[in-house]
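In full-length UniProt numbering, the protein residues as written are 1 to 250.
For reference, the structure is listed below as structure tokens.
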């Protein structure tokens with residue numbers, strides 16, 4: 001929980017970005033914070049003003065006092081450690097404290113999905129976004145067959161098989177979650193679930209025919225439904241609507 005001497009916290013918020021997860025986490029931890037908003041440039045990239053906050057010019061960035069934190073997983077880890085210990089599973093199995101391989105399954109899942117969300121899952125989604133951009137690029141009509149073929153090749157040879165593996169993997173992880181789930185690490189939401197929320201919600205809401213089907217991956221759909229029931233998630237969505245006029249993932 002935040003204390004009276006907690007430094008000022010500012011979330012540098014870029015519209016339609018992964019900063020949505022950090023806003024949710026701030027709501028979940030009940031830590032006081034401010035939001036500084038940034039609009040995307042006409043070419044849809046982050047504006048140059050963000051480079052004044054962090055040299056890479058990306059969002060999210062969280063300013064705590066005179067410290068700037070970048071990278072979503074680091075921000076989630078830091079906030080959970082200081083303000084949301086309830087979002088971190090118990091580390092050790094009973095009687096195994098401090099032992100190699102003595103960590104609980106829930107804790108190791110939490111650590112794994114903190115890395116998986118950005119290291120494996122989102123790059124796949126970004127490639128899908130890129131392929132769509134190539135397919136829909138405003139090019140002369142005689143170039144369109146080329147861009148369509150390139151996009152189609154990326155989709156059929158890389159995206160489709162990798163997404164099929166990903167959907168099956170997530171469904172299996174949810175089916176085998178400790179205590180029956182419904183979250184990835186057990187029956188309580190964790191920081192890893194909040195980090196995973198953005199990519200899985202994009203998969204379910206934005207991918208259309210290339211996305212998973214509910215009858216084949218029911219636990220994945222139930223997982224997203226469970227995430228959306230969180231009161232802190234609902235508050236975050238309300239704030240996004242207040243900021244942007246609507247709730248849009250990407």
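Cβ coordinates follow ideal geometry from the N, Cα and C atoms, glycine included.
On a predicted model such as this, the values are computed, not experimentally measured, just so you know.
How is the beta strand (DSSP E) around residue 38 delimited, first residue to last? 34-38
Going straight from the alpha carbon of residue 166 to that of residue 31, what length do you get? 34 Å
Is the segment 74-85 in contact with the segment 34-47, if contact means three or more CB pairs nearer than 8 Å? no
Supposed contact pair residue 243 and residue 37 - C-beta distance, whole angstroms, cut 8 Å: 6 Å
Within the same chain, show all residues whose beta-carbon is closer than 7 Å to that of residue 190, passing over the 5 residues directly before and after it, in chain order. 87, 88, 89, 110 and 183
Nearest residue (CA-CA) to residue 258, options 238, 241, 162 and 185: This structure gives no information on residue 258, because the portion of the chain shown stretches from 1 to 250.
Please report how far the alpha carbon of residue 201 lies from the alpha carbon of residue 207, in whole angstroms. 10 Å
Grouping DSSP H, G and I as helix and E and B as strand, with all else coil, what is residue 165? helix
Considering residue 13, what are the terminal residues of the beta strand (DSSP E) in which it resides? 9-14
In three-state DSSP terms, what is residue 188? coil
Would you mind stating whether residue 121 and residue 199 have Cβ atoms separated by less than 8 Å? yes
Does the segment 99-109 come into contact with the segment 125-134, if we say contact requires no fewer than three beta-carbon pairs (one atom in each stretch) closer than 8 Å? no
contact_flag[the segment 59-78, the segment 13-32] where n(CB pairs < 8 Å) is 3 or more: yes
Given residue 33, which residues of its chain have a CB within under 8 Å of its CB, disregarding the five upstream and five downstream residues? 9, 10, 11 and 26
Do the CB positions of residue 23 and residue 194 come within less than 8 Å of each other? no
Short of 7 Å in beta carbon distance, which residues of its chain neighbour residue 148, apart from the five on each side in sequence? Order them along the chain. 135
Answer with buried or exposed for residue 186, where buried requires no fewer than 16 other C-beta atoms within 10 angstroms of its C-beta. buried
Sub-8 Å separation of residue 171 and residue 227 beta-carbons: no
Of the residues 28, 205 and 63, the one placed nearest residue 258, counting alpha carbons only: No answer is possible for residue 258: it lies beyond the span of the chain, which begins at 1 and ends at 250.
Residue 153 burial status per 10 Å Cβ neighbour count (16 or more: buried): exposed
Express the C-alpha separation of residue 176 and residue 188 in angstroms, rounding to a whole number. 14 Å
Length of the line joining the Cα atoms of residue 13 and residue 78: 18 Å
Report yes if the CB atom of residue 112 is closer than 8 Å to the CB atom of residue 174, and no otherwise. no
Could you check if residue 118 is buried or exposed, using at least 16 other CB atoms within 10 Å of its CB as the buried criterion? buried
Taking just the CA atoms, how far does residue 210 sit from residue 151? 14 Å
Taking only runs of the beta strand (DSSP E) that begin and end inside the segment 51-94, which ones reach a length of at least 3 residues, in chain order? 61-64 and 67-70
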